[in-house]
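Q: From first to last, the protein sequence lines are chains A, B, C and D.
According to my numbering, the first sequence is numbered sequentially starting from 2.
According to my numbering, the second sequence is numbered sequentially starting from 2.
According to my numbering, the third sequence is numbered sequentially starting from 2.
According to my numbering, the fourth sequence is numbered sequentially starting from 2.
Number of protein chains: 4
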Amino acid sequence: MPSTTMPMLRTYPKPMNLDRAKLAAAIDALNDCAQACTACADACLSEDVVAELTKCVRTNLDCADICATTARVLSRHTGYDANISRSLLEACATACKSCGDECVRHADQHEHCRICAEACRACEQVCRDLLATIS
Amino acid sequence: MPSTTMPMLRTYPKPMNLDRAKLAAAIDALNDCAQACTACADACLSEDVVAELTKCVRTNLDCADICATTARVLSRHTGYDANISRSLLEACATACKSCGDECVRHADQHEHCRICAEACRACEQVCRDLLATIS
Amino acid sequence: MPSTTMPMLRTYPKPMNLDRAKLAAAIDALNDCAQACTACADACLSEDVVAELTKCVRTNLDCADICATTARVLSRHTGYDANISRSLLEACATACKSCGDECVRHADQHEHCRICAEACRACEQVCRDLLATIS
Amino acid sequence: MPSTTMPMLRTYPKPMNLDRAKLAAAIDALNDCAQACTACADACLSEDVVAELTKCVRTNLDCADICATTARVLSRHTGYDANISRSLLEACATACKSCGDECVRHADQHEHCRICAEACRACEQVCRDLLATIS
Numbered sequence: 002m003p004s005t006t007m008p009m010l011r012t013y014p015k016p017m018n019l020d021r022a023k024l025a026a027a028i029d030a031l032n033d034c035a036q037a038c039t040a041c042a043d044a045c046l047s048e049d050v051v052a053e054l055t056k057c058v059r060t061n062l063d064c065a066d067i068c069a070t071t072a073r074v075l076s077r078h079t080g081y082d083a084n085i086s087r088s089l090l091e092a093c094a095t096a097c098k099s100c101g102d103e104c105v106r107h108a109d110q111h112e113h114c115r116i117c118a119e120a121c122r123a124c125e126q127v128c129r130d131l132l133a134t135i136s
Numbered sequence: 002m003p004s005t006t007m008p009m010l011r012t013y014p015k016p017m018n019l020d021r022a023k024l025a026a027a028i029d030a031l032n033d034c035a036q037a038c039t040a041c042a043d044a045c046l047s048e049d050v051v052a053e054l055t056k057c058v059r060t061n062l063d064c065a066d067i068c069a070t071t072a073r074v075l076s077r078h079t080g081y082d083a084n085i086s087r088s089l090l091e092a093c094a095t096a097c098k099s100c101g102d103e104c105v106r107h108a109d110q111h112e113h114c115r116i117c118a119e120a121c122r123a124c125e126q127v128c129r130d131l132l133a134t135i136s
Numbered sequence: 002m003p004s005t006t007m008p009m010l011r012t013y014p015k016p017m018n019l020d021r022a023k024l025a026a027a028i029d030a031l032n033d034c035a036q037a038c039t040a041c042a043d044a045c046l047s048e049d050v051v052a053e054l055t056k057c058v059r060t061n062l063d064c065a066d067i068c069a070t071t072a073r074v075l076s077r078h079t080g081y082d083a084n085i086s087r088s089l090l091e092a093c094a095t096a097c098k099s100c101g102d103e104c105v106r107h108a109d110q111h112e113h114c115r116i117c118a119e120a121c122r123a124c125e126q127v128c129r130d131l132l133a134t135i136s
Numbered sequence: 002m003p004s005t006t007m008p009m010l011r012t013y014p015k016p017m018n019l020d021r022a023k024l025a026a027a028i029d030a031l032n033d034c035a036q037a038c039t040a041c042a043d044a045c046l047s048e049d050v051v052a053e054l055t056k057c058v059r060t061n062l063d064c065a066d067i068c069a070t071t072a073r074v075l076s077r078h079t080g081y082d083a084n085i086s087r088s089l090l091e092a093c094a095t096a097c098k099s100c101g102d103e104c105v106r107h108a109d110q111h112e113h114c115r116i117c118a119e120a121c122r123a124c125e126q127v128c129r130d131l132l133a134t135i136s
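Structure (structure tokens):
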């Protein structure tokens with residue numbers, strides 16, 4: 002099932018301050034990273050070695066919340082405010098960096114951490130790419 | 002970019018109470034519907050006839066929140082509790098039905114309502130399909 | 002600092018389908034329970050015996066998400082739809098019951114679980130009280 | 002009903018990187034602002050002059066999402082990461098500033114905007130106060 006992000010962006014009835022293709026890619030990466038982090042937190046909780054993974058659970062929960070909120074803010078264009086988008090994208094790139102760094106430490110032992118680290122790296126990159134287009 | 006939902010579900014380290022393919026389809030449909038509803042609410046706000054679309058905005062916001070929360074709950078399998086999944090899926094199907102019904106009323110005038118109505122119908126169906134598998 | 006929930010409800014510019022005092026009490030209890038559950042999940046993660054508390058963390062996360070979403074839906078009155086409120090309140094009471102039951106099992110060992118169980122019981126009760134007023 | 006934020010913080014079982022009283026005040030202000038913004042967005046939607054309030058609705062929705070996420074992140078102390086807290090508090094103060102500025106423009110006409118503007122100002126201040134304590 003293809004994402005409806007881009008089809009929905011195309012129907013927005015007014016001019017938009019950001020490039021719609023870049024924006025759709027960012028929103029999809031944010032939603033995907035939020036989903037990976039929510040699943041990784043739960044998979045860590047179910048590992049026998051959960052006591053070694055508590056920082057990973059915590060960073061996953063933060064990253065999931067921040068990515069989900071950033072996707073929502075970027076999906077709104079009515080009364081656009083560049084300051085909010087910019088500062089939130091910076092916070093989101095920071096969270097993705099931290100979560101990717103933490104997950105990658107467990108990537109050899111836990112496949113969910115390996116996949117989640119990749120989603121965090123991809124999301125961090127699209128946040129920085131989009132940030133570069135916001136003046 | 003393919004969704005990481007199914008790859009992440011495959012890595013869950015313990016037995017799971019639901020069929021992983023059905024579950025991944027449900028989570029993807031829920032996230033897609035949440036995204037469509039968030040975007041539709043904002044597109045409605047930017048229409049010149051926004052005063053005729055306030056119920057649509059409201060139902061979109063409810064449906065987005067409920068779908069996002071349902072996707073999160075279904076992504077957790079540690080200490081699974083069928084009662085929570087079942088009652089939340091019922092609430093989510095109800096919200097998708099209401100939002101789909103409202104969006105479809107504006108589908109001829111507003112393409113974003115037409116696409117969003119389809120996402121709501123698809124999501125309502127996967128919620129009901131998954132519900133049928135929870136004993 | 003007193004909550005702004007009731008002052009805000011008083012300013013809603015149209016007739017409302019629910020009793021404003023009961024509604025404000027419910028929204029405050031929901032937000033309080035969401036906060037308690039988020040904090041309890043994190044406190045459990047920091048306990049040395051985290052491996053015995055994984056079901057508690059999971060149920061806390063579910064309950065926090067569902068209570069927060071229910072508070073949002075109950076805070077919206079434009080284009081009110083009784084079906085959504087009713088089914089979501091039922092799901093929320095179910096989640097509060099499950100989370101309260103789980104937390105109370107650890108209440109003797111962990112004060113955060115004791116306080117969180119109380120917040121869940123109080124929230125379950127206000128959900129059921131409000132449900133009884135929705136026809 | 003007093004908030005359980007401070008009682009829960011007191012039960013956190015490990016050392017904490019932030020002052021617990023300042024932190025509880027911040028979390029309570031964030032949750033209160035999120036609630037005010039959710040209610041203000043809906044009250045704006047129900048005003049006959051909704052077409053003049055669409056930017057206010059949008060900024061309310063952003064501010065509600067960002068405040069709620071910031072409250073969650075600040076409620077977690079396991080594996081604390083100062084970079085995430087700092088960047089998110091900066092984004093949150095920015096959102097509160099924008100939302101307060103927008104709400105105050107309608108404060109004379111709409112009491113909900115006046116109360117919401119106050120909640121945004123208070124929340125912006127606690128975010129900046131807490132930021133000043135994070136090295």
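Ideal Cβ positions, reconstructed from N, Cα and C, are used throughout, including at glycine.
Just so we're clear, the structure is a prediction, and the values are computed from it rather than from any experiment.
(1) Give the residues of chain B in contact with D:R59, contact being defined as C-beta atoms less than 8 Å apart.
(2) I want to verify the contact list: residues of chain A whose CB lies under 8 Å from the CB of D:V74, in sequence order.
(3) Who are the neighbours of B:N84 on chain C, taking C-beta pairs under 7 Å?
(4) Going along chain C, which residues have a C-beta under 7 Å from B:R77?
(5) Between which two residues does the alpha helix (DSSP H) harbouring D:H113 extend?
(6) Tell me, to the nearest whole angstrom, how far the beta carbon of C:T60 is from that of B:G80; I am working on the premise that it is less than 8 Å.
(7) Would you say D:T71 reaches chain B, if we count a Cβ-Cβ gap shorter than 7 Å as a contact?
(8) Compute the Euclidean distance between the alpha carbons of B:R87 and B:V74, then round it to the nearest angstrom.
(9) In or out: B:E53 buried (at least 16 other Cβ within 10 Å) or exposed?
(10) Would you please verify whether the beta carbon of B:I135 is less than 7 Å from any beta carbon of chain A?
(11) Using a Cβ-Cβ cut-off of 6 Å (strictly less than) and excluding sequence neighbours within five positions of A:T6, which residues of its own chain qualify?
(12) Where does A:K98 sit, in a helix, a strand or coil, going by DSSP?
(13) Can you confirm whether D:T5, when its beta carbon is compared against all beta carbons of chain B, has any partner nearer than 7 Å?
(14) Does any C-beta atom of chain C lie closer than 7 Å to the C-beta of A:A52?
(15) Would you identify the three-state DSSP class for A:S136, choosing helix, strand or coil?
(16) Thinking A:D102 and B:S4 are a contact (beta carbons under 8 Å), I'd like their distance in whole angstroms, please.
(17) Could you check how far apart the C-beta atoms of A:C68 and B:M9 are, in whole angstroms? I think they sit under 8 Å.
(18) Does the beta-carbon of C:T11 have 16 or more other beta-carbons within 10 angstroms, so that it is buried, or is it exposed?
(19) What span of residues does the alpha helix (DSSP H) with C:D66 cover, start to end?
(20) Measure the beta-carbon distance from B:A94 to B:C128 and round it to whole angstroms, keeping in mind my assumption that it falls under 8 Å.
(21) Quick one: which chain C residues come within Cβ less than 7 Å of D:A120?
(22) Output needed for C:E125: all residues of its chain with C-beta closer than 6 Å, excluding positions within five of it in sequence on either side, in chain order.
(23) At a CB-CB cut-off below 8 Å, which residues of chain A make contact with B:L10?
(24) Can you give me the C-alpha to C-alpha distance between A:I116 and D:P16, rounded to a whole angstrom?
(25) Just to confirm before moving on: does the CB-CB distance between D:A108 and D:A118 stay below 7 Å?
(26) Exposed or buried, which one is B:I85 when buried takes at least 16 other CB atoms within 10 Å?
(27) Go ahead and label B:A22 buried or exposed: buried means 16 or more other beta carbons lie within 10 angstroms of its beta carbon, across all protein chains shown.
(28) Return the CA-CA distance between B:C104 and C:L89, expressed in angstroms with no decimal places.
(29) When we look at the beta-carbon of A:D49 and count the other beta-carbons within 10 Å, is it buried (16 or more) or exposed?
(30) Determine whether the beta carbon atoms of B:A72 and B:L19 lie at a separation below 7 Å.
(31) Taking the alpha carbon of A:A1 as the reference point, which residue from A:R122, A:I135, A:A92, A:Q36 has its own alpha carbon closest?
(32) Taking a contact to mean a Cβ-Cβ separation below 7 Å, would you say D:H78 touches D:Y13 in this structure?
(33) CA-CA distance, A:S1 and B:L46?
A: Result, derived from the coordinates:
(1) Near D:R59 (Cβ distances below 8 Å), the residues of chain B are D43, L46.
(2) Neighbours of D:V74 in chain A, taken as residues at a C-beta separation under 8 Å, are given in chain order as D63, D66, I67.
(3) In chain order: T95, S99.
(4) One finds R59, L62, D63 in chain C with Cβ atoms closer than 7 Å to the Cβ of B:R77, taken in chain order.
(5) Residue range 112–132 is occupied by the alpha helix (DSSP H) that includes D:H113.
(6) Contact between C:T60 and B:G80 holds: CB atoms are separated by about 6 Å, below the 8 Å threshold.
(7) Answer no: the Cβ-Cβ gap between D:T71 and chain B never drops below 7 Å.
(8) Near 11 Å, if we compare the C-alpha coordinates of B:V74 and B:R87.
(9) Exposed: under 16 other Cβ atoms inside 10 Å.
(10) Cβ-Cβ to chain A under 7 Å: no for B:I135.
(11) Hits under 6 Å: A25, I28, D29.
(12) In the structure shown, A:K98 sits in a helix (DSSP, three-state: H, G or I).
(13) Not an interface residue.
(14) At a cut-off of 7 Å between beta carbons, A:A52 contacts chain C.
(15) Three-state DSSP puts A:S136 in coil, outside helix and strand.
(16) Actually they are not in contact, since the Cβ atoms of A:D102 and B:S4 sit about 23 Å apart, beyond 8 Å.
(17) Distance from A:C68 to B:M9 at the Cβ level is roughly 14 Å; contact not present, criterion being Cβ atoms closer than 8 Å.
(18) According to the sequence displayed, residue 11 of chain C carries Arg and not Thr. Counting Cβ neighbours within 10 Å, C:R11 comes out exposed, since fewer than 16 surround it.
(19) Residues 55–75.
(20) At roughly 4 Å, the Cβ-Cβ gap stays under 8 Å, so B:A94 and B:C128 are in contact.
(21) Chain order gives the chain C residues near D:A120 as T5, where near means a beta carbon separation below 7 Å.
(22) Result list for C:E125: A94, C97, K98, in chain order.
(23) Ordered by position in chain A, the residues that pass the 8 Å Cβ test against B:L10 are A40.
(24) Between A:I116 and D:P16, the alpha-carbon positions lie close to 32 Å from each other.
(25) It is a contact, given that the beta carbons lie within the stated cut-off.
(26) Buried is the call here.
(27) Around the beta-carbon of B:A22, fewer than 16 other beta-carbon atoms lie within 10 Å, marking it exposed.
(28) Straight-line spacing of the CA atoms in B:C104 and C:L89 works out to 20 Å.
(29) Exposed is the call here.
(30) Taking a C-beta distance under 7 Å as the contact criterion, B:A72 and B:L19 do not qualify as a contact pair.
(31) Here chain A has residues from 2 to 136 only, and residue 1 of chain A is not among them.
(32) Note that the C-beta distance between D:H78 and D:Y13 is below 7 Å.
(33) Outside the displayed range of chain A (2 to 136) lies residue 1 of chain A, so it cannot be described from this structure.
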